[in-house]
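Heads up, the thing below is written out as structure tokens.
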Amino acid sequence: MIENVPPGDGTGPASASVRTMDVRPARFTDPRRSDSRIEPGSDLLTATGRLLMFLSVLAGSWHLLRPGTLNISVSDVAFVGCFAIMVATGRLSGTPFGGLTPLWFLAVATMLGGLFVSTAIHGDLSRWLVVGAQYSFALCLIPMLLNSYSMSETSRLPLIYCLGTAMSELIGIIAINLFSYGQTSALLGTKFITGSGRLGALAGEANWNGAVIAFSLPMLIYTLHKRIIGWIPAAICGAILVWGLLLSASFTGFSATMLSVSVTLLLLGWRQMMRLAVVLGIAAAIFFASGAPLPATFEKRVAGAIASGDLNQAGTFAGRAELIKEAWGMAEDTAIIGLGVDRFREESLHGAPVHQLYLLIWTEGGFIAFLGLLATLGVLGLLAFNALRIDKAAGAMAAGVLVVFLVYTNSSAHMYARLWLMPVMVALSAVYARRGPETGRLAAP
């Protein structure tokens, strides 16, 4: 506090006392605005927002935990709470990808705009509102929120996502060994563990479960490389994830995992590849020496398809191929204006959407929407490539995660569920988050 002192000519004792007083600026300020003040209670609000953000990422793969058939999960609820806090405190970033943000938003708007025009002409606009809102949530709001936090905070998110997936797999592994299909289906539905014994876990479907595991393993490699996690807990987490992958018996999940891990290690360097190869070799030797069998569903669906080269053994490949063939026929009539959102299933002889995102967007949204999808994926690739220049390890992780997403664009319908896009944005946030003090951390200017 500055006391009243008599005026002086700058040489007297009064002036000297002023010069020796502590007249530093306010101690604590918003790290982005030096003239702002931290409002009472904002520390608690900021901490609450951070915890909600961590919870949203932790539960990012728990698609099963949602009310009824609504596409609103525990992760979404936590995300909305965190988003509201960030807006209320003025900390939300409008430029999640820096200079590439306008290009990103333009690409997303082009895809959604094409779907809107086609739906307005041929479909039901209420369906576009639902699908458009969910794509906007996943493609725009998630990166805006995550990249509003500091890099010291977002660098932990890949580990948090891995732990959430490992928890899901551990619950599933315990359930599949201790409970019957009837018991689990009564409590968690028919896709937590399928009638054939495939593990869907909290992802809610066996193929989705394979996907979230494929997303998680590049993140585990990154956190191990950055020493965010030690070798022993990483080995335990990795073992749970791999066993969950085998129990899911997903050919696409297994293939995506092999590709993503290979890409991540290749970009990290040969030293990392050799280290992991030694660890995996030892683990495989111990497993086979123990005489433990592979899960029967994995041997039937995945191992059999690999050994014979017959993809029909991998499950629904033949049915998906029929839908793709049908979609190519429809694409000839939807070159400019598409059928409208969700109308493919109505026009299809099979009564189902084609499980190939490119063809689905083309047939439902026309060429403009298709161009927007290609632009969106192109910007994602550019972001991952640029990440390699900024942080090699984070860029390698982002590339590995993006490979998984691209694999599933060839075997999935609309991919607006946060289960698909949350891990992509988590990986990118390790590079594109705000550099500086932790969000809301009180710091001197």
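Residue numbering for the sequence shown follows full-length UniProt numbering, beginning at 1 and increasing consecutively. By construction, the Cβ of each residue, glycine as well, lies at the ideal position given by its N, Cα and C atoms. Computed from a predicted structure; not experimentally measured.
Would you report the Cα separation of G68 and L268, rounded to the nearest angstrom?
About 42 Å.
Just to confirm the assignment, what range does the alpha helix (DSSP H) spanning G230 have?
For G230, no alpha helix (DSSP H) run applies, since DSSP gives it neither H nor E.
Which of helix, strand or coil does DSSP assign to I368?
Helix, per DSSP.
Out of S93, D333, Y161, which one is the CA nearest neighbour of L359?
Out of S93, D333, Y161, the CA that lies nearest to the CA of L359 is found in D333.
Tell me whether P40 sits in a helix, a strand or coil according to DSSP, three-state version.
Residue placement at P40 is poorly supported in this model, since its pLDDT is 40, which falls under 50; the coordinates still yield a value, given next. Here P40 sits in coil by DSSP.
Return the CA-CA distance between R37 and L428, expressed in angstroms with no decimal places.
Low confidence applies here, because R37 scores a pLDDT of 38, under 50, leaving its location unreliable; read the following figure in that light. Rounded to the nearest whole angstrom, the CA to CA distance from R37 to L428 is 31 Å.
Grouping DSSP H, G and I as helix and E and B as strand, with all else coil, what is R271?
The three-state secondary structure of R271, taken from DSSP, is helix.
What number of angstroms, rounded off, separates the C-alpha of V302 from the C-alpha of A249?
Looking at the two C-alpha atoms, the distance is approximately 6 Å.
Return the CA-CA distance between L220 and G395, expressed in angstroms with no decimal places.
Each residue's Cα considered, the two are about 14 Å apart.
For residue 458, is the classification buried or exposed, using 16 other Cβ atoms within 10 angstroms of its Cβ as the cut-off for buried?
Look at the range of the chain in this structure, 1 to 445, and you will see that residue 458 is not part of it.
With DSSP collapsed to three states, give me the class of P13.
Note that P13 scores a pLDDT of 45, beneath 50, so its modelled location is shaky and nothing firm can be said.
Note down the Cα distance separating L406 from L241, rounded to an integer number of angstroms.
Straight-line measurement puts the Cα of L241 at about 21 Å from the Cα of L406.
For A201, collect the residues of the same chain with a Cβ closer than 6 Å to its Cβ; drop the 5 residues on either side in sequence, then sort them by chain order.
The beta carbon of A201 sits closer than 6 Å to the beta carbons of S168, E169, G172, N209 from its chain, once the five residues preceding and following it are set aside; these are given in chain order.
Who are the near neighbours of S412 in its chain, counting only those whose CB is closer than 7 Å to its CB and skipping five residues on each side?
Closer than 7 Å at the Cβ level, and outside the excluded window around S412, lie H355, L357.
Taking a contact to mean a Cβ-Cβ separation below 7 Å, would you say S260 touches P218 in this structure?
With a cutoff of 7 Å on beta-carbon distance, S260 and P218 are scored as near each other.
Would I232 and L159 qualify as a contact pair, given that the criterion is a beta-carbon distance under 7 Å?
Taking the C-beta atoms as reference points, L159 is found no nearer than 7 Å to I232.
A430 to A78, Cα distance in whole Å?
If you draw a straight line from the Cα of A430 to the Cα of A78, it is about 20 Å long.
Does DSSP put S411 in a helix, in a strand, or in coil?
S411 falls in the coil class under three-state DSSP.
Would you kindly work out how many angstroms separate the C-alpha atoms of M86 and L92, rounded to a whole number?
Roughly 5 Å between the two C-alpha positions.
Buried versus exposed, by CB contacts within 10 Å (16 or more), I282
So I282 counts as exposed.
Mind pulling the alpha helix (DSSP H) runs of 4 or more residues that sit fully within the region 201–255?
Entirely contained in the region 201–255, the alpha helix (DSSP H) runs reaching 4 residues are, in chain order, 206–225, 231–248.
Burial state of A387, where buried means 16 or more other Cβ atoms lie within 10 Å:
Burial call: buried.
Distance, Cα to Cα, S61 vs G253?
It is roughly 14 Å from the alpha-carbon of S61 to the alpha-carbon of G253.
Same chain only: Cβ atoms within 8 Å of Y161, ignoring 5 sequence neighbours per side:
Answer for Y161: V57, L58, G60, S61, F215, S216, M219, M422, P423, V426, listed in chain order.
Contact test: G98 Cβ vs the ligand GTP heavy atom, cutoff 6 Å
Questions concerning the ligand GTP fall outside what the structure shown contains, since it holds no ligand whatsoever.
For P40, which residues in the same chain have their Cβ closer than 6 Å to its Cβ, ignoring the five residues on either side in sequence?
Confidence at P40 is low in this model, with a pLDDT of 40, below 50, so the placement of that residue should be treated as unreliable; the coordinate-derived value is given next. Contacts found: none.
Kindly list the residues whose CB is nearer than 7 Å to the CB of Q134, restricted to its own chain and excluding five residues on each side of it in sequence; keep chain order.
For Q134, the CB contacts under 7 Å within the same chain, skipping 5 residues up- and downstream, are N71, Y416 in chain order.
Quick check on I336: does DSSP put it in helix, strand or coil?
When secondary structure is reduced to three states using DSSP, I336 falls in the coil class, being assigned neither helix nor strand.
I believe Y432 touches A211 by the beta-carbon criterion, under 8 Å. Please report the beta-carbon distance rounded to the nearest angstrom.
Wrong, their Cβ atoms sit about 23 Å apart, outside the cutoff.
Three-state secondary structure (DSSP) of S168
Three-state result, S168: helix.
Given this structure, state the Cα-to-Cα distance separating I361 from L294, to the nearest angstrom.
Separation of I361 and L294 (C-alpha to C-alpha, rounded to the nearest whole angstrom) is 38 Å.
What do you get for H350, buried or exposed, if any count of 16 or more other CB atoms within 10 angstroms of its CB means buried?
When all chains shown are included, H350 counts as exposed.
First through last residue of the alpha helix (DSSP H) which encompasses residue 478:
Missing from the structure shown is residue 478; the chain here goes from 1 to 445 and no further.
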